Every structure is written in C-alpha cells, then in structure tokens.
Amino acid sequence: MSNERTPVTSLDLPVSYIGRSVARPNAARLLAGRGTYVDDVKASRVLHVAFLRNPHAFARIVSIDASRASGIDGVVSVVTAADLKDVCKPWVGVLSHFAGLRSETQGPLADGVSYWQGESVVAVAATSRAIAEDALGEIEVAFEELEPSVDMDAALQSDAAPIHAAFGSNLCFERRVNAGSVDEGFAQAAIVVEKDFSFARHTGVTLEPRSILAEFNPADRMLTIHHSSQAPQMMARIAAMHFGLAEHQVRVICKDVGGSFGVKIHIYPDEMTAIALAIKLGRAVKFVADRLESFVTDIHAREHRVRGRIGLSKTGEIVALEIDDRTGIGPYSMYPRTSAVEANQVLNITGGPYRIANYRGRARVAFQNKVPTSQYRAVGHPIACAVTEGLIDAAGRALGIDPFDLRLRNVIRDDAYPAVNAIGLKFEGLSHELCLAKLKKLMDYDGLRRLQAESRARGAHLGIGIGVFIEITSPGPEFYGVGGAPISAQDGCSVRLDPGGNAVCHIGTTEQGQGTDTIMAQIVASALGVTMDRVLIVSGDTQASPYGGGTWASRGAGIGGEAALQAAVKLKNHILKLAGIFLQADPAALDIVENAIVDRDTRNERIAMSELARIAHFRQDELPKDVSPELVATHNYTPRQYPFAFTNGAQGSLVEVDMATGFVKLLKHWVVDDCGTPINPLLIEEQIRGGVVQGLGGALYEECLYDERGQLLNGSLAGYLLPMAGEMPDISIAHAVTPTKEGALGAKGAGEAGVAAAPAAVMNAINDALAPFGAEITTLPMTPERILRSLGKIN
Amino acid sequence: MSQVQISLKVNGEKVSALVEPRLSLVDFLRQNLDLTGTHVGCEHGVCGACTILFNGEIVRGCCLLAVQAEGGEVVTIEGMADDARTRALQTAFHERNALQCGFCSPAMLLTARELLHENPQPSRDEIRDFLSGNYCRCTGYQAIVDAVETVSKNVDATA
C-alpha cells in the first residue's frame, strides 16, 4: 500500500489549492521585520572573522608576519593555510562524468600562491568584526606579484603560461558535440550568417550577503551551522567529509535566506575557514561578507565569447548550426558543482527549441586569474538563447522573413512529443507553437509593428524583439550524482498528523523567497483534505527534514512538490484507515474534506479531523487492541524517466533606442511560460518577473570590469549597476500548461525561465531598432557606449 | 577605542548607551538593540536595505554614525506596527506577493510610506522613480509598484 502511487491531481480533489494564487503565509513575518537571517542569529561568546585578502590577481606569498595582530585585545586567533591543514581536508572541484575536467586542490586559505584578487590569505577571529578588521591592518604579508592570466582567449593560446604549472595549459575542460552532417548542411544553405557574441561577467548580488554562523561543541563534537544557503543537506555532508565528522554530527540550519540565485549553493573557502575556526576554537564563529567581499568572492558567471554560425534554406528552414564557446572561470573549478556546467549547458541548450539535424559545438573552459565562476540562476541559458535567437533574427533579416514566422517554421512541433533532438536531449512535452501564438497575441505584435512604423516617421526608434527558450528543471541523478558529487536528486517529505488535527510537514526543499514552503502547504492541504491554515511547513534544518537536495535548478515544485503530494496521500490513507476502524465504515467510502472525515458520496461529516487526531494521540483505549494508529507518512521522490523536466516559453521586448545617446528605454516586456501544472500562478509570475529583471540586468547594465592586471574595478554597488524600479518595464505574463506525466502533480520548474530569454529578446529588440541604421550589437551588456560604437558614432 | 555616551529615542523608547564613535547607526540598532528588522546590504548607501526614519525622515542607517543620532528620534520597521499606512502597505505587499526573500522589504515599506506621505496619489512612474533608491533582487519590482499603487488608491488605508 505504501508503495502505491495514487493519482491525485487538482481535477479529482473536492477542495484544492493547486492552481490558486494564495499569498505566502511566511511573508507576513518578513514584512514585519521579524525574519531570521543568519546575521540576526545570536550566539554566546561568538567570534567574528575578517580576512586579509590578496590584493593582486596572481601572487606568491613570500612571508606572513601576524605577530602584532595576535597581540591586539579581543583578537582570539590569527590563522594561515598551514594552521588549518589538520582541521579541514582540501577539495577539488571536478565531476567524473565530465571527461577531462580538471582543477587544482583548494583549501580554506591560499597556500603559498594566491590566484585571484580577493582570495583569502589570513583569517582573524576576534570578539567583534571591527577588532578583527583592525587586526588585519597589523598583519604584514609580502607578496611577489606574478604575471596574471586575465583574458580567456589569451589564456587558451598554446604559448600562454599556465597558471597551474602542473597542467601544462590553462584548459580546464573541453567538450565537442557533433550531430548530423554540419558541413553538408552549410554547403546546402541558401544563406549563412556568422556572428561573434560576447557576454560579460556578472554576479548574483544577493541583497543578503553570504553569511555563516558555525558553532562547535567539543563536548559532544556537534557542529551546528546557521547558513545562508540553498542546500543544507549538501552542506552538512560536505562539512562532515572535510572536517572529519560523522554526518549526524553536523546540523545545518537555513532560516530566512536573503536571496540566493545559485550564488549560495557553492562551497566557499571563507565559509570553510569559519567552520575550521569554530572547530579549532570550540566556539561560535560568524562570517558575514561585506559588499566588497561579495564582489570578489561570490561566484561570478556568464563570461563567454561565442562564435555562432547558422545556415538556412531559402524558405527559412535551419539546415546547420555551429557554435564555438569559450569561457573564463577563474583559477579553480568550484566545488562540488564545478565550473564546467555553464559551458556544457551552453552546448546543450543552443538551438534547443528547434528542429536542427546538423549541429556542431565546441566549448572550451579556461583558467584565469579572476574570481571563480560557477552556476548562477539559469546556468548557460541566457547565453545559449541569445546566440540562437540572435543568429535566427540576423538570418531572418537577410531573408526578409518575420521573426515569428521564421521561428514557427523551425520549432519542434507541439504534436511531436516525446522528442529527442540531434544531440540526444529528451523532451517529454513542450509547447513552442502554442507559446509563440500566445506571445504574438499578448504583445499585439501587428499593432506594435504599426506603432513602430508611425514612431519611425516621428523620429522615435522603437525595436521589437522575441526569444524562444527551453529551460532545464527538476534534474535527475544524471546531473551531478553520477559524477560523484554529494548532491541529491531526490527529495523527501514527511507529513505527520498532530494532536490538534493539523498537518506538520517536514521537507528537504528550502525556501529563499520563491514560495517553496507555500506551494508545499498548498499541495499537502489539497492532497490531505485540510485547509491551508492547518498545515505547517518545516524546512531548512537538516535535523528536522528528510534528506533532500534542497532548492536549486528549479527542482522545488517538480521534485519536492511530488514528494509532498505523495507523502500527504499516504497520510490520508493512514487517517482514512483509522477513521474506518473508529467509525466502523469502509475507508474507501470515506474522504477528508475541509478538516473533517466525511462520507465520500454525501459529504456528510462523520468526525472532525481534530477529534480523530485527539483519539489517535490520547485515547487509543477507544480503538481495538490490535490497532496502532500510523500518524506520519514519508515519501522520497526522484525523477528517473527523464534526465530533466524541460520547460519552454517565449519572451517579447519593446524598447526605444535614442540614437544620439545610445540609451535604451525598456517600454514593455512579455513572457509566455509553460511550467506544467501551475501550483500558484501568483508566485510563478513574480518569480518569472524577477528572473526577467535579472536577465535584463545582464543584458543592459551588469558587468564585472577588470583591468589588464586582473584588478576588479567596480566592486561596489556604486560602480556595478543593477536594475532599479525606475528603469524596469511592466512585464505581462501568460501561461501554457503541459504537465509532466512523470509525477502525479504534473509540475515542472519556473525559477529560471525569466532569465533564460530576457537578454535574447531585448538584444533582438535593440537590433530591430538599429537595423535601419545598418548597425547591430552582439556584445552584452548593451551599454550606451557600445550602442554608439555599433552606430559608428564613437570609435 | 574610547566610547561615547549617547541618548536617543528608538521606536518611542528612551535609549542610552556607550558606543564607539565608529559604530554605524544601523549596526547600533542591530547589534546593541537587537532590532534586526533593519538590514545591511552594502554599507555604502546604495542598496537602501538599511532605510530607517530619523527625526521623521527616511535615511540610510549605514551612512549615519550612532553618535550622530544623539538626541534624535529613530523609528525602525519594528516601531511601525501600529502605523496605519505601514500596515496598509504590509497588507498590500503580502496580498500582491510584493516580496520574495524579504531582505529589502522593511526598507522598501518605509520608503513607500514616505512616498505616500509626500505624494498620496503617485503615478506608476512616480512610484518607480521614488523606489529607485531601494534595490530588490527578487521581484522585478512590478508587484511592489502594484502594491504601493493599490494603497494609494485606497483613501481609507492611507489616512
């Protein structure tokens, strides 16, 4: 019975929250200023860590003199790499299924050589952060500056000096894909378009910086970590592995997390240092990155250069596609997800929405002396999408085919699923044709074209652009687990009936504001037959929750949601079985509706859930002697039929470009998204809007600027531009619904859809506005300066 | 470092403390008074997460020193529990899901309250413009603009 999967969807439930725009119960606390982010957590005798960071991009550490710092009142410990060697086992950021991927051994603090500006060299633990920072000023480190490798293409040259001498080159990873007959395809093409695209490094800028409070109790050897993180169970396992503890000796607690976006899923040396100090000193140690530290130690992402080539027939069928992608990932591949996944996903996703038989791609990942890059929201998607959609628009302009028409001629047809593309990606069910049709209507595309023509006559230059995307969600074990990383593709959920008749749900997925906890409450309430106010969700505590991967890669709804659904269904069956015994009725003739056990057919109430729960907990004497009520149910769920639950959609952008200044005004943005069964449209839409704005930031403003010596020039919010309310457009959203059949819930992810195609759509819109001037831009962010360059107005 | 005696009013209560001259006002509120509803996002006056009311005006708590608050009156989000306009905004933000992680929200609410105080019926563009000193990395802003607009149109709630 417990292994049976009962088909429960919104359609066969009498009262359901699934598909309803329910406000988030946990949001009221945050609005009242009563959240608990890591820096809000108090610990007794806490020490604060500050780091002395390498000021050079690449340097040998010749000597360290910390004697004066150690003597300052309030300074408890000053440590270098050598001091932590016995405490923390080092790590290497590789995955075994990425053939050839290599990285150097990394530890909590730079050891002998430091590879990027901002890398930690010395750590000070003191009774206040201010004292720890005072002490940094008293430490003398002699650095011998080495010649940095900054530009990725220069780093990949055969004569470039390798930054890790043992590797002989700066190549971290290379992958090629080759499907069909690409050269024949291009030979047959009526038109071939080739473009160079450039994407700037940017970073996630979570408003709450990375934060950790680690506390070690030497008496029972329990390590408790309050962490601003997306994946507490992963962090617990890694802490156990690297600090010589059993897994159950580590507890990781993630209460409120102030934004994550992939930034807070990696293992950072600074956090490992804080843990090492907590263990070494036997007390609580806190580290909260300041904003400059965030800019020089949070992962960066998306620094890619891509040469793309597309061939089309006279009638607009794509006959060949080729890309050559290079990316610079800093000196180390991040642990444990690696820094090769972004380039790998660029190769996988490019051309993804389309029927393309002939596709060839090459990706090269280069070591360089900049901040390490790794997975940031919508990993690889905006790059792959901008390249694909940019090439298609350029080809469409040359052929004189409208962007919507050209895409409709090439997308995988809605009736062609399940489908496998040329490089073997499996798509269970997508809806490109439907999404394009909905987008065209939502935008009033024909009306916009008329408006554009009228505006041009008045000297105002509007641009209209679209972008079609696929999105990787709900990954299975083939994504990371297969490569040896302690990253779980499964998630677990336990639902228990409490004595008041409420459902207390413990789940492995975590909440960073997306509303994960809320949708779990909706699912549990719906499946169990109780109202949402009767459901409590407990997440973000490794001692409280069943094991689960956490929240990343848009897996919360698709994987956590299915686990929650099935756990609630199991508990419902337990409750109905008990009710049947107590009421002397057939459990199959009973149901639970709005907090009461009812007759399935008449809906007449037989007994309140609270009353049955009271009896189950306290009055077992009223039950037969052989009945022992089951009051909790657990389900673990792993998607196994498809490696990913791909979603899809399309975005549109309307911009006005000022040809005299190069300024872009975003007038409107549209998204049609198909994430399967929508559990809470209100939350989905806000997540998509937030994603769009992050995508627009990368398209128009955000860039980590480095000089030729590898110095980050804009490590502050004054120098690094983020989207603000005044610059952002209103964003209209519509849905298509293609549920996955892999789970009973039918939900897929939605967290990265917004980011995926926003840069493509706005780039195509800008190029649509520039086209009458014979100008084009394929370098992101599309700053006014770069737009004026493309117009030939400045050199 | 020598300490300085300060006396001020925080959320209507008299507070006296010895503080280092270098302590920022937001750190004083968070560390000394445990008023953790005010957040620290950048410590250089850009992100707006530390917005508080000082002598009736919204200011950046990271750009003032605690000693500068001597004799002044500070109100944080915790002190706004009975403020009708703040409550109306909190309700509208909640219903419209005008927050995700919530880190920017207390400051965003205080800034929105100030806008409605200065301009009770702002246009959407005026709302966007006024909120542009407060970063939100999650929502994309539209829901925040919607929520503020909703409150501005509900005269009772803003009274």
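The listed protein sequences derive, respectively, from chains A and B.
Counting from 1 along the first sequence, just add 10 to a position and that's the residue number in our numbering.
Going by our numbering, the residue at position 36 of the second sequence is 20; the numbering climbs one at a time, nothing skipped.
All C-beta atoms in this analysis are idealised placements derived from N, C-alpha and C, irrespective of residue type, glycine included.
Just so it is clear, the structure is predicted and the values come from calculations on it, not from any experiment.
Restricting to Cα atoms, I'd like to know which of the options is closest to residue i.
i        : options                                : result
B:Leu48  : B:Leu93, B:Val10, B:Val135, B:Ile128   : B:Val10
A:Gly318 : A:Pro428, A:Gly708, A:Val192, A:Val72  : A:Val192
A:Val540 : A:Pro485, A:Ile607, A:Glu488           : A:Ile607
A:His679 : A:Asp454, A:Pro279, A:Glu332, A:Ala67  : A:Asp454
A:Ala767 : A:Ser620, A:Gly708, A:Gly340           : A:Gly708
A:Thr788 : A:Arg419, A:Ala770, A:Pro782, A:Ile804 : A:Ala770
A:Cys182 : A:Ala373, A:Asn188, A:Ile222, A:Gly43  : A:Ala373
A:Val682 : A:Ile480, A:Asp169, A:Ser239, A:Gly214 : A:Ile480
A:Ile474 : A:Ile689, A:Lys448, A:Asp412           : A:Asp412
B:Met64  : B:Ser89, B:Asn(-5), B:Asn138           : B:Asn(-5)
A:Glu713 : A:Tyr369, A:Ile28, A:Asp425, A:Ala210  : A:Ala210
A:Val215 : A:Gly705, A:Ile804, A:Val772, A:Leu233 : A:Gly705
A:Leu40  : A:Gly566, A:Gln522, A:Ile804           : A:Gln522
A:Asp631 : A:Phe592, A:Tyr716, A:Ser564           : A:Phe592
A:Pro487 : A:Ala250, A:His107, A:Val356, A:Val134 : A:His107
A:Ile149 : A:Val132, A:Ser124, A:Ala447           : A:Val132
What residues from chain A crowd round residue i, counting only those whose CB sits closer than 9 angstroms?
i          : result
B:Ser0     : Within chain A, no residue comes near B:Ser0; the closest Cβ sits about 21 angstroms away, beyond 9 angstroms.
B:Ser116   : Met734, Ala735, Gly736, Glu737
B:Val(-12) : Near B:Val(-12) there are no residues of chain A at all, since even the closest Cβ is about 15 angstroms away, more than 9 angstroms.
Express the C-alpha separation of residue j and residue i in angstroms, rounding to a whole number.
i        : j          : result
A:Ala171 : A:Ser159   : 8 angstroms
A:Ala463 : A:Val104   : 53 angstroms
A:Ala199 : A:Ala404   : 15 angstroms
A:Ala120 : A:Arg139   : 21 angstroms
A:Arg796 : A:Asn774   : 15 angstroms
A:Ser663 : A:Ala763   : 15 angstroms
A:Gly272 : B:Ala82    : 21 angstroms
B:Ala143 : A:Leu217   : For B:Ala143, the predicted structure reports a pLDDT of 46, less than 50, and the residue's modelled location is therefore unreliable. The matter cannot be settled from this model.
A:Leu472 : A:Lys675   : 9 angstroms
B:Leu19  : B:Met(-15) : 24 angstroms
A:Ile28  : A:Ile689   : 5 angstroms
A:Arg699 : B:Glu133   : 18 angstroms
A:Asp601 : A:Val514   : 20 angstroms
A:His276 : A:Tyr345   : 6 angstroms
A:Leu409 : B:Cys122   : 40 angstroms
A:Val667 : A:Gly784   : 14 angstroms
B:Arg43  : B:Leu37    : Residue identity check: residue 43 of chain B is Val in the sequence provided, not Arg. Roughly 6 angstroms separates the two Cα atoms.
B:Arg107 : B:Leu100   : In the sequence as displayed, the identity of residue 107 of chain B is Ser instead of Arg. So the alpha carbons of these two residues sit roughly 11 angstroms apart.
A:Ser549 : A:Gln127   : 36 angstroms
A:Val702 : A:Phe153   : 43 angstroms
A:Phe437 : A:Pro791   : 31 angstroms
Whose Cβ in chain B lies nearer than 9 angstroms to the Cβ of residue i?
i        : result
A:Ser726 : Cys26, His28, Val30
A:Gln522 : Gln84, Cys85, Cys122
A:Ile741 : Gly124, Gln126
Under 7 angstroms Cβ-Cβ, which residues of chain B neighbour residue i?
i        : result
A:Ala33  : His78, Glu79, Asn81
A:Leu693 : Asn81
So residue i contacts chain B; which residues on that side make the cut at Cβ distance below 8 angstroms?
i        : result
A:Val702 : Gly124
A:Val267 : Cys85
A:Glu114 : Within 8 angstroms Cβ-Cβ: nothing; A:Glu114 doesn't reach chain B, min ~32 angstroms.
Can you give the beta carbon distance from residue i to residue j, rounded, assuming they're within the 8 angstroms contact cut?
i        : j        : result
A:Ala578 : A:Val637 : The pair is not a contact, with the Cβ atoms about 22 angstroms apart (cut-off 8 angstroms).
B:Ala131 : B:Leu73  : 7 angstroms
A:Pro242 : A:Thr46  : About 14 angstroms separates the two Cβ atoms, so there is no contact after all.
B:Val51  : B:Val3   : 7 angstroms
A:Glu572 : A:Gly753 : 4 angstroms
A:Ala136 : A:Val85  : 5 angstroms
Residue i versus chain E: which residues are under 7 angstroms apart at the beta carbon?
i        : result
A:Thr216 : Reference to chain E is not applicable here, since the protein chains of this structure are A and B.
Name, please, each residue of chain A whose Cβ falls closer than 7 angstroms to the Cβ of residue i.
i       : result
B:Arg97 : Near B:Arg97 there are no residues of chain A at all, since even the closest Cβ is about 12 angstroms away, more than 7 angstroms.
B:Pro90 : Gly43
Q. Does the region 384 to 404 of chain A come close enough to the region 453 to 471 of chain A that 3 or more CB-CB pairs lie under 8 angstroms?
A. no
Q) Per the contact definition of three or more C-beta pairs closer than 8 angstroms, is the region 77 to 88 of chain A in contact with the region 143 to 151 of chain A? A) yes
Q: Would you be able to state if there are at least three C-beta pairs under 8 angstroms between the region 375 to 382 of chain A and the region 305 to 323 of chain A?
A: Below 8 angstroms, enough C-beta pairs join the region 305 to 323 of chain A and the region 375 to 382 of chain A to call them touching: three or more.
Q. When the Cβ atoms of the region 292 to 308 of chain A are set against those of the region 257 to 272 of chain A, are three or more pairs found closer than 8 angstroms?
A. no
Q.
Could you check whether the region 620 to 639 of chain A touches the region 486 to 499 of chain A, counting it as contact only if at least three pairs of C-beta atoms, one from each stretch, sit closer than 8 angstroms?
A. no
**Q.** Contact between the region 1 to 10 of chain B and the region 19 to 39 of chain B (3+ Cβ pairs under 8 angstroms)
**A.** yes
Q. Per the contact definition of three or more C-beta pairs closer than 8 angstroms, is the region 101 to 118 of chain B in contact with the region 724 to 732 of chain A?
A. no
(Q) Assess contact between the region 221 to 235 of chain A and the region 200 to 207 of chain A, defined as three or more Cβ pairs (one per stretch) separated by less than 8 angstroms. Is contact present? (A) Judged by Cβ distances under 8 angstroms, the region 221 to 235 of chain A makes no contact with the region 200 to 207 of chain A, as fewer than three pairs qualify.
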